[in-house]
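Undergrad: Per my numbering, the sequence shown starts with residue 1008, numbered consecutively. Where a beta carbon is used, it is the ideal one built from N, C-alpha and C, also for glycine. Here it is, the structure, as structure tokens.
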Amino acid sequence: MADTGRCREVAVLAREGASPEGERHGLWRLAVENPGWGKAVAGQFAMLRPVCFGRELTWARPLSLFGVTPTRVEFFVQVAGRGTAHLAAMNPGDRLVMWGPLGRGFAVEPDTPTLLLAGGVGLAPFAPYIAAHPRPENLRLVFGHRPPLAAYPFAEMAATIQAESFHEEKPGDLDRFTALLRERMAGYGDGLVLACGPRPFLSAVAGMGREAGARVQVSLENRMACGVGACLGCVEKDAKGEPVQTCVRGPVFWATELEAFGGGLETPGSREGCTCGN
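Take a look at the structure:
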């Protein structure tokens, strides 16, 4: 039986930068033992906490799954504060507490043209999505980033699909990136759009999706401490204004399921042949 959702202590197997550029910008790949997980779905996440922080008490951190094999689970970590700094400093043999896989993942519709939109570290959940997709020729990735492209695992992800990147480095670039997204999304009125990145990025994508008539899923990066619906630190309002826990009902939602992203409109729903993580 797959040992999923339970809290387990595991060993770190590897910790390395995606490249020297990645290390300079606080972007790391972290691999840990697989504690017995069976199937995991792209878009799901896990909660991680080092066994010992010394004298410093820090909550566990939610991280998107970057890769899962029978022997290891991989994450792509961006140092953004104390918790992620602790994780990024771990060495092989160090131990951490992990529970997962958690949440609902992205929809998969093998025969539907699917546009993947990633901003920054929001690239991470699309690595397992691309790797597991039955028809990668139906996928296209657009990636926006501020650190150099070499800091990210973009090249290996782009090897089997159509992919393009946009480097935001000066005033005015954001407007050009927005124009690029609108242009690309215009061709997906009959397709599927999946997005992960900063909240303003997701809001813009949801709005452009409504303009294009596209079905859009967004993966939220809300703060959370438990990952199982208990702490209520990640709550959003659904289309009816009712509170929903991102960790349990998400982190992936149809944009029209949430008030902040166009809730109140009719949810497009999934098509026949679509599979979603539960």
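Within a Cβ cutoff of 6 Å, which residues of the same chain sit near PRO1117, ignoring the five residues on either side of it in sequence?
TA: Answer for PRO1117: PRO1141, ARG1142, listed in chain order.
Undergrad: List the residues that DSSP assigns as beta-bridge partners of PRO1154.
TA: Answer is none; PRO1154 lacks a bridge partner.
Undergrad: Measuring CB atoms only, is the stretch 1260-1271 touching the stretch 1211-1230, in the sense that at least three cross pairs come out at less than 8 Å?
TA: Remark: three or more beta-carbon pairs, one from each stretch, lie closer than 8 Å, so the stretch 1260-1271 and the stretch 1211-1230 are flagged as touching.
Undergrad: To the nearest whole angstrom, what separates the beta carbons of TRP1066 and GLY1090, a pair I think is in contact under 8 Å?
TA: 7 Å
Undergrad: According to DSSP, is PRO1207 helix, strand or coil?
TA: Residue state, collapsed to three classes: helix.
Undergrad: Looking at C-alpha atoms only, which residue of ALA1221, ARG1013, GLY1214, VAL1251 is the closest neighbour of CYS1268?
TA: Contrary to the premise, residue 1268 reads as Phe rather than Cys in this sequence. Ranking ALA1221, ARG1013, GLY1214, VAL1251 by Cα distance to PHE1268 puts GLY1214 first.
Undergrad: Alpha carbon to alpha carbon, how far is MET1008 from GLU1030?
TA: Low confidence applies to MET1008: its pLDDT is 43, below 50, so where it sits in the model is not reliable enough to give any reading.
Undergrad: Could you check whether the Cβ of GLU1016 sits closer than 6 Å to any heavy atom belonging to the ligand ATP?
TA: Although the ligand ATP was asked about, the structure shown includes no ligands whatsoever.
Undergrad: In three-state DSSP terms, what is HIS1174?
TA: The answer is strand: DSSP assigns HIS1174 an E or B state.
Undergrad: Hey, GLY1110 and GLN1051: beta-carbon distance below 7 Å or not?
TA: yes
Undergrad: Are the beta-carbon atoms of GLY1240 and ALA1246 separated by less than 7 Å?
TA: no
Undergrad: Where does PHE1113 sit, in a helix, a strand or coil, going by DSSP?
TA: coil
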